[in-house]
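**Student:** Mapped onto mature numbering (1 follows the signal peptide of the UniProt record, and there is no 0), the consecutive letters of the sequence shown carry residue numbers -29 to -1, 1 to 414. Sharing a structure with you now.
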Amino acid sequence: MHHPSRIVLPCFKSLIALAIAGLQCLASAADRLEAGVGLVDITPTGEVTLAGSPSPKKTSEVKTRLFVRALVLASGATKVAIVTLDTLKYPVDLTVKARASIEQATGIPAANVIICSSHTHSGPLWSYYPDKLVTPIAEAVSKAAQDLMPCTLGMARGRAEGVAECRRVIKEGHAWNRWQLKPDEADKYPAEGPADPDFDLLALRSADGKFKAILYNFACHAANNRAPLISADYPGDVELHVQKALGYAVPALFLTGACGDVNPIYSVRRDLFEQRLGGEILQCLERLEPVAKPTLAIDAREFQMPGREHPEFREAEVARNWPGQLEHYRKAYTSMKAREKPSYLYFITGIRIGPDFAIVTNANELFCGIAMGIKKQSPFKHTMTVEQTNGAHGYVPSAKGFEGGSYETWFGEHSYLTTQAADIIEKQSMEVLNKLRQETPKP
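Below is the structure:
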């Protein structure tokens, strides 16, 4: 079995020094761009109700602090801002406000800004925030824009096994979430879809030899805390694990992978996540491949995503799969039915960093197999498929997922886009990636 976290920490800084020296030898002035980082603490004060459960708990105790993290990249006349939030979501209407505020404060075009929520299930309910984050987001990006300095980039692919799994299984022809089954049944039935242990990473190193920032994504719900504590969940734990090994506070920006049907494996130790994913990130830092000529390019698309013509409330299915939450999902259905629209503002953004690294975003909780298909078709060596970005439009199941049913497919505030949304996202994402590839400068 692969154990990526088995590293010898006393030797780790020496190994990193060798990796940095290799990057310095291979990099020239033409291989650099400017990068800046900015952080703003958004940890709540006082008691809050935690998100991520139909039966939420209250707490004022903090396990890991919550942040807005911003990374600004500049190459020639092109600037992009990558923002990550330790929040459950960030809706599209507020995305529009925040991007406009960023453009006004920094001059970075709104279309060149991506805002990704980590989807932490250990932060406050969304009702705590509404308009509270527009100013901190703009402040973080402004700090990053004022922090620009030449950096060398390196990229790698990692693999963290044994920490995440498809949470949907097929029992008697129907999809069930594992927590809806008896404990002795959770691992008895076949998984409906895949989980993706692979992830991509981009590291930025400043002239002093230290890492300026680490950018990575991983496909798993940030629902590993397992205690009623305010927390950034596993992305926060992973960042602290990496910082402890390096010996200094480098921001690790987590871009949420497609985890609509992927959860942590709850039968293993909670800290195994930070050890395996954090350990693999550390190993990636040892084997970074330099990003040659890291020019930037953006393809930002804005369109109307069709809504779903709502069916009748699936009372029998809800009662079968999750009887204790029947009234909760009846209310979710009724609420969404009252305010449904024929279509919804939707953003898909592609960012190319150098000739071999790309990011493509969507605004949903996308089923993992859909993103794996996009990555497989991508013309880039390294492709991050990033969800919960520039909007939060609920679940997008695969065609197989809709056939299986279960709560991700039930019409409501959590699932309301057309059943063809997966195909639309895949088509638009591939068009973006192929366009960015065609426009990549030749060596």
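Glycine included, C-beta positions come from ideal geometry on N, C-alpha and C. What you are looking at is a predicted structure, and each value in this text was computed from that prediction instead of being measured.
Helix, strand or coil: which one does DSSP assign to Arg40?
**Tutor:** Three-state result, Arg40: strand.
**Student:** Please give the ranges of any beta strand (DSSP E) in the region 157 to 202, keeping only runs that are unbroken, at least 3 residues long and fully inside the region.
**Tutor:** With a minimum length of 3 residues, the continuous beta strand (DSSP E) runs that stay inside the region 157 to 202 are 169 to 177, 182 to 189.
**Student:** In chain order, what residues of the same chain lie with their CB nearer than 6 angstroms to the CB of Leu(-4), ignoring the 5 residues before and after it?
**Tutor:** Any reading at Leu(-4) must be qualified, since the residue scores a pLDDT of 43, below 50, and its modelled position is unreliable; no value is offered.
**Student:** Excluding five sequence neighbours on each side, which residues of the same chain lie with their C-beta closer than 7 angstroms to the C-beta of Ala220?
**Tutor:** These residues qualify, in order along the chain: Gln214.
**Student:** Going by beta-carbon coordinates alone, are Ala174 and Ala190 separated by less than 8 angstroms?
**Tutor:** Not in contact: Ala174 and Ala190 (Cβ atoms no closer than 8 angstroms).
**Student:** Please go through the region 57 to 88 and give each complete beta strand (DSSP E) segment of 3 or more residues, from N-terminal end onward.
**Tutor:** Runs found: 84 to 88.
**Student:** Buried or exposed: which applies to Pro25, given that a residue is buried once 16 or more other Cβ atoms fall within 10 Å of its Cβ?
**Tutor:** Per the 10 Å Cβ criterion, exposed.
**Student:** Can you tell me which of Gln275, Pro326, Cys339, Val331 puts its alpha carbon nearest to the alpha carbon of Tyr315?
**Tutor:** The candidate whose alpha carbon is nearest that of Tyr315 is Gln275.
**Student:** On the DSSP bridge list, what partners appear for Cys137?
**Tutor:** For Cys137, which the question treats as bridged, DSSP gives the partners Val233.
**Student:** Between which two residues does the alpha helix (DSSP H) holding Tyr205 run?
**Tutor:** Note, Tyr205: alpha helix (DSSP H), 205 to 217.
**Student:** Going by Cα to Cα distance, which pick from Asn335, Leu388, Cys122, Val84 is closest to Gly228?
**Tutor:** Closest by alpha carbon: Asn335.
**Student:** Throw me the rounded Cβ distance for the Gly94 and Thr66 pair, which I believe falls under 8 angstroms.
**Tutor:** Not quite, the Cβ-Cβ distance comes to about 18 angstroms (not below 8 angstroms), so this is no contact.
**Student:** For the region 121 to 129 against the region 169 to 188, are there 3 or more C-beta pairs whose distance is under 8 angstroms?
**Tutor:** Yes, the region 121 to 129 touches the region 169 to 188.
**Student:** Looking at the secondary structure, which residues open and close the beta strand (DSSP E) in which Glu273 lies?
**Tutor:** Residues 267 to 277.
**Student:** Anyone know if the C-beta pair for Thr390 and Arg279 falls short of 8 angstroms?
**Tutor:** Closer than 8 angstroms, so yes.
**Student:** So, at 7 angstroms on beta carbons, what are the nonlocal neighbours of Ser72 in its own chain, with the 5 sequence-adjacent residues on each side left out?
**Tutor:** For Ser72, where only same-chain residues beyond five positions count, the Cβ hits under 7 angstroms are Val105, Ala109.
**Student:** Output the distance between the C-alpha atoms of Glu210 and Leu248, rounded to the nearest integer angstrom.
**Tutor:** Answer to the nearest angstrom: the Cα atoms are 10 angstroms apart.
**Student:** Could you compute how far the alpha carbon of Lys264 sits from the alpha carbon of Asp179?
**Tutor:** Answer to the nearest angstrom: the Cα atoms are 20 angstroms apart.
**Student:** Could you check what DSSP says for His145 in three-state terms: helix, strand or coil?
**Tutor:** DSSP places His145 in strand when its eight states are reduced to three.
**Student:** Looking only at its own chain, which residues have a Cβ that is under 8 angstroms from the Cβ of Ser89, when we skip the five neighbours before and after it?
**Tutor:** So the qualifying residues of the chain are Thr55, Leu56, Asp57, Thr58, Ala193, Ala203, Asp204, Pro206, Phe225, Thr227, Gln359.
**Student:** I need the boundaries of the beta strand (DSSP E) containing Thr14, first residue and last residue.
**Tutor:** Element bounds for Thr14: n/a, residue is neither H nor E.
**Student:** By Cβ distance, which residues of its chain are closer than 6 angstroms to Val43, with the 5 residues on each side in sequence left out?
**Tutor:** Excluding sequence neighbours, Val43 sits near Gly7, Ala52, Ala115, Ala116.
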